[in-house]
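Using the working numbering, the first residue of the sequence shown is number 445, and each one after it goes up by one.
The C-beta atom is built at its ideal place from N, Cα and C for all residues, glycine as well.
To start, the structure under review is shown below, and the notes come after it.
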Amino acid sequence: MLTHLKKVENHITEAQRFSHLPKRSAVDLEFTDVSYIIQEGPCWRRRGFKALLKCLSGRFCSRELIGIMGPSGAGKSTLMNILAGYRETGMKGQILVNGKPRDLRTFRKMSCYIMQNDMVLPHLTVREAMMVSANLKLNESMDVKKELVNEILTALGLHECAHTRTNSLSGGQCKRLAIAQELLYILSQVIEVASGEYGDLNPVLFEADSGHIESHSFATSTLTQFCILFKRTFITICRDQVLTHLRLMSHIAIGVLIGLLYLNIGNDASKVFNNTGFLFFSMLFIMFGALMPTVLTFPLEMSVFLREHLNYWYSLKAYYLAKTMADIPFQVICPIMYCSIVYWMTAQPPEATRYLLFIALSTCTALVAQSLGLLVGAASNSLQVATFVGPVTAIPVLLFSGFFVNFDTIPTYLQWSSYISYVRYGFEGVILSIYGMNRTELECAAKVCKFQQPEEVLQLLDVEDAKLYMDFIALGIFFLVFRLATYLVLRYKVKSER
Numbered sequence: 445m446l447t448h449l450k451k452v453e454n455h456i457t458e459a460q461r462f463s464h465l466p467k468r469s470a471v472d473l474e475f476t477d478v479s480y481i482i483q484e485g486p487c488w489r490r491r492g493f494k495a496l497l498k499c500l501s502g503r504f505c506s507r508e509l510i511g512i513m514g515p516s517g518a519g520k521s522t523l524m525n526i527l528a529g530y531r532e533t534g535m536k537g538q539i540l541v542n543g544k545p546r547d548l549r550t551f552r553k554m555s556c557y558i559m560q561n562d563m564v565l566p567h568l569t570v571r572e573a574m575m576v577s578a579n580l581k582l583n584e585s586m587d588v589k590k591e592l593v594n595e596i597l598t599a600l601g602l603h604e605c606a607h608t609r610t611n612s613l614s615g616g617q618c619k620r621l622a623i624a625q626e627l628l629y630i631l632s633q634v635i636e637v638a639s640g641e642y643g644d645l646n647p648v649l650f651e652a653d654s655g656h657i658e659s660h661s662f663a664t665s666t667l668t669q670f671c672i673l674f675k676r677t678f679i680t681i682c683r684d685q686v687l688t689h690l691r692l693m694s695h696i697a698i699g700v701l702i703g704l705l706y707l708n709i710g711n712d713a714s715k716v717f718n719n720t721g722f723l724f725f726s727m728l729f730i731m732f733g734a735l736m737p738t739v740l741t742f743p744l745e746m747s748v749f750l751r752e753h754l755n756y757w758y759s760l761k762a763y764y765l766a767k768t769m770a771d772i773p774f775q776v777i778c779p780i781m782y783c784s785i786v787y788w789m790t791a792q793p794p795e796a797t798r799y800l801l802f803i804a805l806s807t808c809t810a811l812v813a814q815s816l817g818l819l820v821g822a823a824s825n826s827l828q829v830a831t832f833v834g835p836v837t838a839i840p841v842l843l844f845s846g847f848f849v850n851f852d853t854i855p856t857y858l859q860w861s862s863y864i865s866y867v868r869y870g871f872e873g874v875i876l877s878i879y880g881m882n883r884t885e886l887e888c889a890a891k892v893c894k895f896q897q898p899e900e901v902l903q904l905l906d907v908e909d910a911k912l913y914m915d916f917i918a919l920g921i922f923f924l925v926f927r928l929a930t931y932l933v934l935r936y937k938v939k940s941e942r
């Protein structure tokens, strides 16, 4: 049976021809006897090795559309991860680019890989996500970037949803957005990759320009990357109703509740125990308020970060600095709001110095807790592990803080644990701020009050010889150590992903 096929004219407009993209030379990709082996079981109980790919050979020629088809679990995505350079450990075989052995660093600079899963940040609009990509990838004027973004959005049918947040896009629109972000830099060769049980094709785009390879790793400087990523992260945080709006409201609500519960006890000598309990709970609440939201920071965005970083959008240090610095204003605002409410409601000493020290110590404790949360999140392999480990790490920190057990009461072989409890320094500093610095006698409504002299409270809690400046120094050291450890963990995870 003969079928007559009618040629259909391509009505793509001149605005959709990507006129601003440079012409790129074609590339042939060839692979020979590629095998991929992984270890089974956890690191403490290996069960041997499993081969996911065995002696595969093939060739992707330039200007050809190639489909890799097969059932679910056949190894299609694994093969593409290896060809794109996302997997190195456990791979054997040879991969050639234009007949020459592939230099992975050079290949990664001149290629791009759009993965099977659509990984985009949920709180940005389509246009904002595209402009972030354009600012990171193109050294052009803002007018050229905007014109190019409009061209790509129009060509891929995303112009109508340009102001829609990505969490409201359909699956197809998310896929096209992922392609559009890479089309800002890549547009020469397309490989369609099969995925899913029924062979739905996922696009993987990569290009190579053997004659014009960048001499540097990224299109923009580290400072430019930091500014762009800081703005993106700050917008994302401001629009996050769960991790930001709820956090702000909880500090206000809990502050009012605690203020009502401990109303006007700060200067009452007969309620010293209640007041020290209030001060400790304040440190506890501020710690958890800073720790738990940041535990989720890296697990929620790790897949997006790996895709963008491995596609050479930005460096690790620019991302890490932007991600951590953007959240600091909220970690400062929240303790200030809470402390401003509870300090005056509980009738603590009406002195500006003590009030400012109370806020400063609370803020430092929050920043250290945030740093620990980032470290836990970066070191965790999943969201479930991070949310479990985060609260668990707080148990020894609180236990050795000096409120439940005095330092002299702790057994000698465990006294070192008190020095690695950052809450101890925050609580100790708050006690010194409230009851130290030559405070006058407390009011006593009864005939006899044991703790009418503030020095007796310091002796009771074993902090009479403590130095306030040492508490600030200790919190600063914890802050720097946790931040540095988090960066090293992220760096290790990026290398291990390869």
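For this session: On a CA-only basis, which of 886, 902, 855 is nearest residue 875? Give me that one, please.
Result: Nearest to residue 875 by alpha-carbon distance, out of 886, 902, 855, is 902.
For this session: Provide the residue span of the beta strand (DSSP E) that contains residue 535, from first to last.
Result: Segment 535-541, the beta strand (DSSP E) holding residue 535.
Problem set entry | Contact belief for residue 580 with residue 663 at Cβ below 8 angstroms, rounded distance in angstroms | A Cβ-Cβ separation of about 7 angstroms places residue 580 in contact with residue 663 under the 8 angstroms criterion.
For this session: Could you spell out the range, first to last residue, of the alpha helix (DSSP H) harbouring residue 587?
Result: Counting along the chain, the unbroken alpha helix (DSSP H) around residue 587 starts and ends at 586-599.
Exercise. Which residues in the same chain have their Cβ closer than 6 angstroms to the Cβ of residue 739, if we skip the five residues on either side of it in sequence?
Worked result: Closer than 6 angstroms at the Cβ level, and outside the excluded window around residue 739, lie 817, 820, 821, 830, 834.
Exercise. In chain order, what residues of the same chain lie with their CB nearer than 7 angstroms to the CB of residue 582, ignoring the 5 residues before and after it?
Worked result: Same-chain partners within the cutoff: 589, 628, 663.
For this session: Classify residue 925 as helix, strand or coil using the three-state DSSP reduction.
Result: It is helical.
Exercise. Is the distance from the Cβ of residue 784 to the Cβ of residue 699 below 9 angstroms?
Worked result: Yes, the pair counts as a contact, with Cβ atoms nearer than the cut-off.
Exercise. How about residue 505 and residue 472: do their beta carbons lie closer than 9 angstroms?
Worked result: Contact flag set, yes.
Problem set entry | Span separating the alpha-carbon of residue 670 from that of residue 766 | Our two residues, residue 670 and residue 766, have alpha carbons roughly 6 angstroms apart in a direct line.
Problem set entry | residue 743 - DSSP class collapsed to helix/strand/coil | The three-state reading of DSSP puts residue 743 in helix, counting H, G and I together.
Exercise. Hey, quick one: how far does the beta strand (DSSP E) through residue 477 stretch, first residue to last?
Worked result: Note, residue 477: beta strand (DSSP E), 473-483.
Exercise. What first and last residue would you give for the beta strand (DSSP E) that runs through residue 851?
Worked result: Neither: residue 851 is in no beta strand (DSSP E) and is coded neither H nor E.
Problem set entry | Close-in-space but distant-in-sequence residues of the same chain around residue 897 (CB under 7 angstroms, 5 per side omitted) | These residues qualify, in order along the chain: 885.
For this session: Can you grab the Cα-Cα spacing for the pair residue 602 / residue 620, in whole Å?
Result: Near 8 angstroms, if we compare the C-alpha coordinates of residue 620 and residue 602.
Exercise. Can the beta-carbon of residue 931 be found closer than 9 angstroms to that of residue 761?
Worked result: In this structure, residue 761 lies closer than 9 angstroms to residue 931 by Cβ.
For this session: Pick helix, strand or coil for residue 692, following the three-state DSSP scheme.
Result: DSSP, read as helix, strand or coil, puts residue 692 in helix.
For this session: Express the C-alpha separation of residue 786 and residue 935 in angstroms, rounding to a whole number.
Result: Rounded to whole angstroms, residue 935 to residue 786 spans 41 angstroms at the Cα level.
For this session: Could you tell me whether the segment 843-856 touches the segment 743-752, using the rule of 3 or more Cβ pairs below 8 angstroms?
Result: No: fewer than three Cβ pairs fall under 8 angstroms.
Exercise. Per DSSP, what kind of secondary structure is residue 894 in: helix, strand or coil?
Worked result: In the structure shown, residue 894 sits in coil (DSSP, three-state: anything other than H, G, I, E or B).
For this session: Report the three-state DSSP secondary structure of residue 761 (helix, strand or coil).
Result: Residue 761 carries a helical assignment under DSSP once its states are collapsed to helix, strand and coil.
Exercise. Going by beta carbon distance, what residues of the same chain come within less than 6 angstroms of residue 811, once the five residues before and after it are set aside?
Worked result: Short of 6 angstroms from the beta carbon of residue 811, and not among the five residues preceding or following it, lie these beta carbons of its own chain, in chain order: 775, 923.
For this session: Determine, using beta-carbon pairs with one atom in the segment 851-867 and one in the segment 676-688, whether at least three such pairs fall under 8 angstroms.
Result: The answer is no - the segment 676-688 does not touch the segment 851-867, with fewer than three Cβ pairs under 8 angstroms.
Problem set entry | Exposure label - residue 940; buried when at least 16 CB within 10 Å | Here residue 940 is exposed, its C-beta having fewer than 16 other C-beta atoms within 10 Å.
For this session: Can you tell me the Cβ-Cβ gap for residue 807 and residue 773, rounded? I've got them flagged as a contact below 8 angstroms.
Result: Actually they are not in contact, since the Cβ atoms of residue 807 and residue 773 sit about 11 angstroms apart, beyond 8 angstroms.
Exercise. Between 882, 866, 879, 905, which lies nearest to residue 915 when the distance is taken from Cα to Cα?
Worked result: The option with the nearest alpha carbon to residue 915 is 866.
Exercise. With C-beta atoms as the reference, is residue 517 less than 9 angstroms away from residue 477?
Worked result: Not in contact: residue 517 and residue 477 (Cβ atoms no closer than 9 angstroms).
Problem set entry | Alpha-carbon to alpha-carbon, residue 707 and residue 735 | The C-alpha of residue 735 lies about 27 angstroms from the C-alpha of residue 707.
Exercise. Among 570, 717, 701, which has the Cα closest to the Cα of residue 426?
Worked result: Nothing can be reported for residue 426: it is not among the residues displayed for the chain, which extend from 445 to 942.
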